[in-house]
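Enquirer: Here you go, one structure.
Rendered as structure tokens:
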């Protein structure tokens, strides 16, 4: 079974703090993704990575950065947390698609971040 | 840009009744389509996927979905729902048109409520 784990299920941080969310997958997947989930807005892609040290912006990258130093680990960084970044953060991984075949994504359990 | 519409924010169904959740997509090429389910406090779990071939696909937990290209739809169905099916359901389309890795675009979700 594919396993995607996230470092924390719940996190409370203060405005202005630097926040690290960690994600680890154990299936040697090339692709990794960070989404945020908000009621009524569904899942929105923040950043993704298709290889070590490679990253691409998603739909809402502002206020976030990412790091992928090892294939199995993908970190989301909030440089200076703000209250509007209070949300559920979901990490996912997938195989790199061959040709035009898109592989399904496997999700972690999520981190509910509250910024006060 | 690609998009996914789930027209029903909430659906209430009696236990044992049939279910259909609607999904419409906008995509410039042949889409790859997915349905995910999210139980409260959990990450997303893949129910089923369509890549090509038979337009009626079977998934886990007794779910099925039908791809209709002429209607740009990929509706999810179940003949008889169980109380444990109460959850949030997400439709997704890929690959991501933003370039880079093989991301997905998600709908905003449909919240399924099961009445006893």
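Protein chains in written order, with the working numbering: chain A, 1 to 116; chain B, 117 to 232.
Positions of the beta carbon are idealized from the N, C-alpha and C atoms, including for glycine.
1) If distances are taken between C-alpha atoms only, which option among A:54, A:13 and A:42 comes closest to residue 90 (chain A)?
2) Can you name the residues of chain A whose CB is closer than 7 Å to the CB of residue 224 (chain B)?
3) On the three-state DSSP scale, how would you describe residue 125 (chain B)?
4) Under 8 Å between the Cβ atoms of residue 219 (chain B) and residue 210 (chain B)?
5) Could you check whether residue 31 (chain A) and residue 75 (chain A) sit closer than 8 Å to each other, using their CB atoms as the reference points?
6) Using only the alpha-carbon positions, how far apart do residue 184 (chain B) and residue 81 (chain A) sit?
7) With a threshold of 8 Å between beta-carbons, can residue 179 (chain B) be considered close to chain A, or not?
8) So, does the CB of residue 108 (chain A) fall closer than 8 Å to a CB anywhere in chain B?
9) Leaving out five residues before and five after residue 223 (chain B) in sequence, what residues of the same chain have Cβ atoms less than 8 Å from its Cβ?
10) When burial is assigned at 16 or more other CB atoms within 10 Å of the CB, is residue 29 (chain A) buried or exposed?
11) Taking just the CA atoms, how far does residue 24 (chain A) sit from residue 105 (chain A)?
12) Taking the alpha carbon of residue 113 (chain A) as the reference point, which residue from B:157, B:143, B:145 and B:182 has its own alpha carbon closest?
13) Three or more beta-carbon pairs under 8 Å between the segment 176 to 190 of chain B and the segment 140 to 155 of chain B, yes or no?
14) Leaving aside the five residues before and after residue 19 (chain A) along the sequence, list all residues of the same chain whose C-beta is less than 6 Å from its C-beta, in chain order.
15) Can you have a look at residue 115 (chain A) and say buried or exposed, based on whether 16 or more other CB atoms are within 10 angstroms of its CB?
16) Kindly say whether residue 118 (chain A), judged by its beta-carbon, lies nearer than 8 Å to any beta-carbon of chain B.
17) Quickly, what does DSSP pair residue 92 (chain A) with across the bridge? List them, please.
18) So residue 105 (chain A) contacts chain B; which residues on that side make the cut at Cβ distance below 7 Å?
19) Could you tell me whether the Cβ of residue 183 (chain B) comes closer than 8 Å to any Cβ of chain A?
20) Please name the residue in B:117, B:179 and B:129 whose C-alpha comes closest to that of residue 232 (chain B).
21) Spatial neighbours of residue 86 (chain A) within its chain, please: CB distance less than 7 Å, with the 5 preceding and 5 following residues excluded, ordered by chain position.
22) Compare the beta carbon distance of residue 164 (chain B) and residue 178 (chain B) with 8 Å and say whether it is the shorter of the two.
23) Just the chain A side, please: which residues come within less than 8 Å of residue 206 (chain B) by C-beta, in chain order?
24) According to DSSP, simplified to helix, strand and coil, what is residue 86 (chain A)?
Expert: Quick look at the numbers:
1) A:42
2) 40, 41 and 42
3) coil
4) yes
5) no
6) 44 Å
7) no
8) yes
9) 120, 121, 122, 139, 206, 207 and 208
10) buried
11) 14 Å
12) B:157
13) yes
14) 13, 78 and 81
15) buried
16) Limits of chain A in this structure are 1 at one end and 116 at the other, which puts residue 118 (chain A) out of reach.
17) A:33 and A:107
18) 220
19) no
20) B:129
21) 113, 114 and 115
22) no
23) 42 and 43
24) coil
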